[in-house]
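Everything on this sheet refers to the single structure shown next.
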Amino acid sequence: MKADFTVPPGTLDKLLGDQAGLNEYIGLEEHELQAIASLAARLYEQGRASEARTVFHGLIALDPSLYLGYAALGAMDLTEGLLDSALRQLTKAMELNPDDPSVHTNLGELLLRQTKLTEAQEHFHRALALDPLSEDPGANRARTIMAALHIAAR
Amino acid sequence: MSSVGTPPGSVPAGNFTSSTHTNAAHPVDGRASDGTARIVSARSTPTADIALWGNYAPGQEPASIGPNRPLFSQAAPHSAESLNPLQGELELLQQKLSQILDSASRAARPQATSVPHSPQPASVPVSPAAQQARASTTAAADSPYPDLGPHPFMSNPTGTGPNGSFGFNPEYFPTEQTATKIADMLGGKVVPQMSILNGPGSPFRQNQANYMVELPNGRTINPGVIAQAISVGQPRTMIDAIIASMVTGNEVQPGQAPPFVPANRPAQSTAAPVAPASNSTVIASQTLSRLDPMQRDTASVLLNTSPQSDPAILALRDRLDDTRKMLQVVSQLTQVRSSASDSQLQQVRLARYA
């Protein structure tokens, strides 16, 4: 947590106007918020989706300017077939951080399911461009999908 | 770019040369002799599902495109172990949020007893014993607290926002007379302020000022919390703890504050005035005290009779609840992880000395 932390003036106004999160009062550091996101991602990988969702919703409540909560909820909605909600969450995540390959891959996959193939391909290409060394799992997923599309098209 | 932009079952117009044959099952080539793109047969254009899963039977998806898709990419994943030292603080945060939300829920419920219809303090519900104490406390000749009368708060403080007006918790809007009595008790002075909604350019504003009290030590407090405790007859240990907390800015538990002696005694008392409580007897709780602004601000808008009147207030309540639930999960996990780490360390130590 931040040391010598003071609540900025006008915080309640910002909260009511949806321009700030509760972290303005609490003062968690950015690396601590990201650690919470990592913890929730491990929950998801272990199949504890409900707990993961709870944590990601809380992250958004704490800091709505952090894209991680939106990105994760969008990916989970996509897995569960909730395409409208997934599109909203992933679009918001991309607005907050346009440089995450996994967000682009998930958006591409969603658009593929909606048969918006040109838009899907744009996002896949963007994911690949963000990961030229093929190290990112999200971008590699895009590579696999595009390879599958190529195979299916033969 | 051909087949990727072709919706299944249709043939696009444009510079494409179709090699579709009615009975063709597979495309012949990807390029026409003139260089224009040759589309594949519309019948063989993959649907999204086939593109994703291939021609596998259900349950036989290729392992490379499984259900566990990455949620996000992190250049340097942050270890959840870094949260272990925060476990205690996260738990306190969660408890504080529960306190705020529980108080809001209690205030929203209809009053079913003969308890006076005034907002309850966030920390202690009024018991019949406390009401008894009220009668004896305010009537006692040696009471250090002033008599605040039957209506110490504004009757209907309101705010205005983009969706219209909304109510405030009157506890945060003592009358000027009440503020003056509390200021007198603490040796301070009354200063009217817009202390709750004051962001420049904000669409939210409060329609009445808060009569705040500026203390001799330089702190400015809202005397409403103290006034509320006095007017509903909280036990003296509770009132003294609230006074000590507000004067010093550090959380003081009931029973831990020294007996309060007013700067200016009420008329019936003959004791000499003394300075307000000093820091030397205060038990500080840094984590809880840093949440006081949040508790104060959120309680001021949540603890009113019609929270449903403003979507922004409802959204704030939801945000508090989401954060509380998150902290509950995270603090439980960090507790488990801390215990596991301690246990592993213990085993390593035992092995070393075996």
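Protein chains in written order, with our numbering: chain A, 14 to 167; chain B, 1256 to 1609. C-beta atoms are modelled at their ideal positions from N, C-alpha and C, and glycine is treated no differently.
Asked	Found
Which of helix, strand or coil DSSP assigns to Arg1545 (chain B)	coil
Sequence-distant residues of the same chain with beta carbon closer than 8 Å to Gly1321 (chain B), five excluded per side	For Gly1321 (chain B), the predicted model reports a pLDDT of 45, less than 50, meaning its position is unreliable; a value from the coordinates is still stated below. Excluding residues within five positions, none has a Cβ falling inside 8 Å.
Residues in the region 1437–1470 of chain B having any Cβ partner in chain A nearer than 8 Å	Ile1451, Leu1452, Asn1453, Gly1454, Pro1455, Ser1457, Pro1458 and Phe1459
Three CB pairs or more closer than 8 Å across the region 123–143 of chain A and the region 1340–1348 of chain B	no
Chain B within 8 Å of Arg139 (chain A), Cβ atoms only	no
Whole-angstrom distance between Gln1432 (chain B) and Ala1394 (chain B), CA atom to CA atom	For Ala1394 (chain B), the pLDDT reaches just 43, beneath the cut-off of 50, and the residue's location in the model is therefore unreliable, leaving the point undetermined.
Helix, strand or coil at Pro1429 (chain B) [DSSP, three-state]	strand
Range of the contiguous alpha helix (DSSP H) that encloses Phe137 (chain A)	Leu130 to Ala142
Contact set for Leu72 (chain A): own chain, Cβ-Cβ below 7 Å, skip 5 residues either direction	Leu46, Ile49, Ala50, Leu79, Leu81 and Gly82
8 Å Cβ cutoff, Leu25 (chain A) in contact with chain B	yes
Burial state of Asp1357 (chain B), where buried means 16 or more other Cβ atoms lie within 10 Å	exposed
Span of the beta strand (DSSP E) around Pro1447 (chain B)	Lys1444 to Gln1448
Limits of the beta strand (DSSP E) - the one that Gly1422 (chain B) falls within	Gly1419 to Gly1422
Residue(s) in a DSSP beta bridge with Glu1469 (chain B)	B:Lys1444 and B:Thr1475
Stretch-stretch touch, CB-based, cutoff 8 Å, three pairs: the region 14–33 of chain A with the region 1443–1455 of chain B	yes
When A:Ala33, A:Leu146, A:Phe137 and A:Leu75 are compared against Ser115 (chain A), the one with the closest alpha-carbon	A:Phe137
The region 101–109 of chain A touching the region 141–161 of chain A, judged by at least three CB pairs closer than 8 Å	no
Straight-line gap, Ser1360 (chain B) to Arg55 (chain A) (C-alpha atoms, nearest Å)	34 Å
Cβ-based contacts, 8 Å cut-off: residues of the region 1339–1350 of chain B near chain A	Leu1341, Glu1344 and Leu1348
Distance cut-off 7 Å: Leu91 (chain A) Cβ against heavy atoms of the ligand SAH	No copy of the ligand SAH appears in this structure; indeed no ligand is present at all.
Counted within 10 angstroms of its Cβ, other Cβ atoms place His163 (chain A) as buried (16 or more) or exposed	exposed
Ala16 (chain A) versus Arg1551 (chain B) - alpha carbon distance	21 Å
Min CB distance Ser1586 (chain B) to chain A below 8 Å	no
Gln1523 (chain B) burial status per 10 Å Cβ neighbour count (16 or more: buried)	Here Gln1523 (chain B) scores only 43 on pLDDT, less than 50, and its place in the model is too uncertain to base an answer on.
The region 1461–1475 of chain B in contact with the region 1436–1445 of chain B per 3-pair CB rule at 8 Å	yes
Rounded Cβ spacing between Asn1465 (chain B) and Phe1408 (chain B) (contact assumed at less than 8 Å)	Their Cβ separation, rounded to whole angstroms, is 11 Å, which puts Asn1465 (chain B) and Phe1408 (chain B) out of contact at 8 Å.
Alpha-carbon spacing of Val1507 (chain B) relative to Met1449 (chain B), whole angstroms	27 Å
Segment limits, beta strand (DSSP E) that includes Gly1414 (chain B)	Thr1413 to Gly1416
Member of A:Glu122, A:Leu91 and A:Arg66 whose CA lies at the smallest distance from the CA of Met1581 (chain B)	A:Arg66
Within 8 Å, strictly: CB atoms of Leu125 (chain A) and Leu96 (chain A)	no
Contacts that Arg55 (chain A) makes with chain B (C-beta to C-beta distance below 7 Å)	Ala1335
Three-state secondary structure (DSSP) of Arg61 (chain A)	coil
Where the alpha helix (DSSP H) through Lys105 (chain A) begins and ends	Leu96 to Leu109
Exposure of Asn1424 (chain B), with buried meaning 16 or more beta-carbon neighbours within 10 Å	buried
Interface flag, Phe1428 (chain B) vs chain A, CB-CB below 8 Å	no
Length of the line joining the Cα atoms of Leu35 (chain A) and Asn1418 (chain B)	22 Å
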